[in-house]
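Visitor: Following this message is one structure expressed as structure tokens.
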Amino acid sequence: MKNRIRFRILRIMLLIIIVICLVPIGQAYSLSLRHKEQQKELKNTLTTGRQPNKAKNSSENPEFLHDLTSLYQKNNDFIGWLSINGTNIDYPVMQCSDDYYLTHNFYKKEDTYGSLYVKEIADVKTPGTNVIIYGHNMKDGSMFGDLDSYKEKKFYENHSILSFETLFENRTYEIISVFHSKISNKKEYFPYYQFYQADTKEEFLEFYDNIKACSLYDTDITAEFGDTFLTLSTCDNHTKNGRFVVVAKRIK
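According to our numbering, the residues represented by the sequence shown are 162 to 413, in order.
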């Protein structure tokens, strides 16, 4: 009798453990599905905005590309769309004064996936020498979860081109450097995240020489003063506060 009771208690305890383990898995799966549905909706909005016969809204800024105004009208923080063939990276990019979109989606709802975003200091319109896009490294491969693929040179060789459509123009970039970094006050890692504008050749070379020296492999792509860059930054577990960074040079 005692053994039977112990067995029942053991079964209940095992069942509780299984439920506790399955709940976060189910929650993660549900969040992933919700994220995919949201992305599908945003892509549909983008596609609709590109229809040639779609009438323009009178409130549109005349400087904006007509293709993207449908998304801008839904959220005025929207500044462009980033896409890389062969990856899941195909998302709207937001701009904010702080890290608001680290924890909020396109619709300004709290979301662990957050959004791809640039900080207010980034000059997206002109553009400035460097625009940094931040995004989460999600385990399901969404957001910047696929950026890790660039740790392998073979992947880079087949996916070296990035497309960044801003509200003002379509831009194409070619990857020039791929490297590990860290958010730190020490000088062991180059603070790429502080670089936005080079007004002199010396300022330009400080950034350029460092990102080339840090690169995991030689891309054979060079740059000169006057070129502009797009930097993609995400978290990386190679060290505490680690980052994985991909820098691309604008080619058109």
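Yeah, the Cβ is synthetic: ideal placement off N, Cα and C, and Gly gets one too.
Using C-beta distances below 6 Å, list every residue in its chain close to threonine 389, excluding the 5 sequence neighbours before and after it, in chain order.
Guide: The count along the sequence shown starts at 1 and reaches residue 389 at position 228. Pro288, Thr290 and Arg411, listed in sequence order.
Visitor: From methionine 255 to leucine 263, what does the alpha carbon distance come to, in whole angstroms?
Guide: Residue mapping note: residue 255 aligns to position 94 of the sequence shown, counting from 1. Residue mapping note: residue 263 aligns to position 102 of the sequence shown, counting from 1. Answer to the nearest angstrom: the Cα atoms are 10 Å apart.
Visitor: For glutamate 326, name the three-state secondary structure that DSSP assigns.
Guide: Within the sequence shown, residue 326 is the residue found at index 165, counting from 1. Strand.
Visitor: Could you have a look at lysine 410 and say whether DSSP puts it in helix, strand or coil?
Guide: Here residue 410 refers to the residue found at position 249 when the sequence shown is read from its first residue. In the structure shown, lysine 410 sits in a strand (DSSP, three-state: E or B).
Visitor: Going residue by residue through the segment 242-313, where are the continuous beta strand (DSSP E) segments of at least 3 residues, counting only ones entirely within it?
Guide: You should have 251-257, 277-280 and 291-295.
Visitor: In the structure shown, what three-state DSSP assignment does aspartate 388 receive?
Guide: Walking along the sequence shown from the start, residue 388 turns up at place 227. Strand.
Visitor: Note down, in chain order, each residue of its chain lying with its Cβ closer than 8 Å to the Cβ of leucine 366, except the 5 sequence neighbours on either side.
Guide: Translated into the one-based positions of the sequence shown, residue 366 becomes position 205. Counting only Cβ-Cβ distances below 8 Å, and skipping sequence neighbours, we find Phe386.
Visitor: Just to confirm, are leucine 277 and glycine 296 a CB contact at a threshold of 7 Å?
Guide: The residue given as residue 277 occupies position 116 in the sequence shown. The residue given as residue 296 occupies position 135 in the sequence shown. In this structure, glycine 296 lies closer than 7 Å to leucine 277 by Cβ.
Visitor: Please work out which residues of its chain come closer than 7 Å, Cβ to Cβ, to glutamate 281, disregarding the five sequence neighbours upstream and downstream, and give them in chain order.
Guide: As a position in the sequence shown, residue 281 is number 120, starting the count at 1. Cβ neighbours of glutamate 281 beyond the five flanking positions: Gln256, Cys257 and Ser258.
Visitor: I need the straight-line Cα distance from glycine 275 to lysine 197, nearest angstrom please.
Guide: Counting from 1 along the sequence shown, the entry for residue 275 is found at position 114. Counting from 1 along the sequence shown, the entry for residue 197 is found at position 36. Approximately 13 Å between the Cα atoms of the pair.
Visitor: For lysine 269 and proline 352, what's the separation of their Cα atoms in angstroms?
Guide: Against the sequence shown, residue 269 aligns to sequence position 108. Against the sequence shown, residue 352 aligns to sequence position 191. Their backbone Cα atoms lie some 30 Å apart in a straight line.
Visitor: Check histidine 196 in the structure and name its three-state DSSP category.
Guide: Your numbering for residue 196 matches position 35 in the sequence shown. Helix.
Visitor: Touching or not, the segment 228-247 and the segment 199-211, by the rule of three or more beta carbon pairs under 8 Å?
Guide: The segment 228-247 is in contact with the segment 199-211.
Visitor: Go through its chain and collect everything with a Cβ distance to isoleucine 344's Cβ below 6 Å, but skip five positions before and after it.
Guide: Position 183 of the sequence shown, counted from the first residue, corresponds to residue 344. Within the same chain, isoleucine 344 has close Cβ partners Asn402.
Visitor: Drop a sphere of 10 angstroms on the beta-carbon of leucine 183, count the other beta-carbons inside from all chains shown, and report buried for 16 or more, exposed for fewer.
Guide: Taking the first residue of the sequence shown as position 1, residue 183 is located at position 22. Residue confidence for leucine 183 is low, a pLDDT of 48 falling below 50, so the modelled location carries little weight and cannot support an answer.
Visitor: Quick one: give me the first and last residue of the alpha helix (DSSP H) that tyrosine 233 is part of.
Guide: Counting from one through the sequence shown, the residue named residue 233 turns up at place 72. Unbroken alpha helix (DSSP H) run through tyrosine 233: 230-235.
Visitor: Are there 16 or more other CB atoms within 10 angstroms of the CB of threonine 361, so buried, or fewer, so exposed?
Guide: Reading the sequence shown from its first residue, position 200 is the one you call residue 361. Classification of threonine 361: exposed, given that the 10 Å Cβ count is below 16.
Visitor: Would phenylalanine 267 pass as a contact of asparagine 246 if the rule is Cβ separation under 7 Å?
Guide: Looking up residue 267 in the sequence shown gives position 106. Looking up residue 246 in the sequence shown gives position 85. Contact: no.
Visitor: Please classify glutamine 200: is it buried, with 16 or more other beta-carbons within 10 angstroms of its beta-carbon, or exposed?
Guide: Looking up residue 200 in the sequence shown gives position 39. Under this definition glutamine 200 is a buried residue.
Visitor: For glutamate 326, tell me which candidate among Asn222, Leu194, Lys373 and Asp251 has the shortest Cα-Cα distance.
Guide: Here residue 326 refers to the residue found at position 165 when the sequence shown is read from its first residue. Selected option, being the one with the closest Cα: Asp251.
Visitor: Quick check on DSSP: helix, strand or coil for asparagine 113?
Guide: Past the boundaries of the shown model lies residue 113; the chain is included only from 162 to 413, so the question cannot be answered.
Visitor: In this structure, does DSSP put phenylalanine 368 in helix, strand or coil?
Guide: Counting from 1 along the sequence shown, the entry for residue 368 is found at position 207. Three-state result, phenylalanine 368: helix.
Visitor: Cutting at 7 Å between CB atoms, please list the residues of its own chain near asparagine 398, excluding the five before and the five after it.
Guide: The residue you call residue 398 lines up with position 237 of the sequence shown. Once the five neighbours on either side are set aside, asparagine 398 has no close Cβ partner at all.
Visitor: Helix, strand or coil for tyrosine 378, going by three-state DSSP, please let me know.
Guide: The residue labelled residue 378 in the question sits at position 217 within the sequence shown. If DSSP states are grouped into helix, strand and coil, tyrosine 378 belongs with coil.
Visitor: Within the continuous beta strand (DSSP E) that includes serine 345, where are the two ends?
Guide: Within the sequence shown, the letter at position 184 stands for residue 345. First-last for serine 345: undefined, no H or E at that position.
Visitor: How about leucine 393 and isoleucine 294: do their beta carbons lie closer than 7 Å?
Guide: Residue 393 sits at position 232 when you count from the first residue of the sequence shown. Residue 294 sits at position 133 when you count from the first residue of the sequence shown. Closer than 7 Å, so yes.
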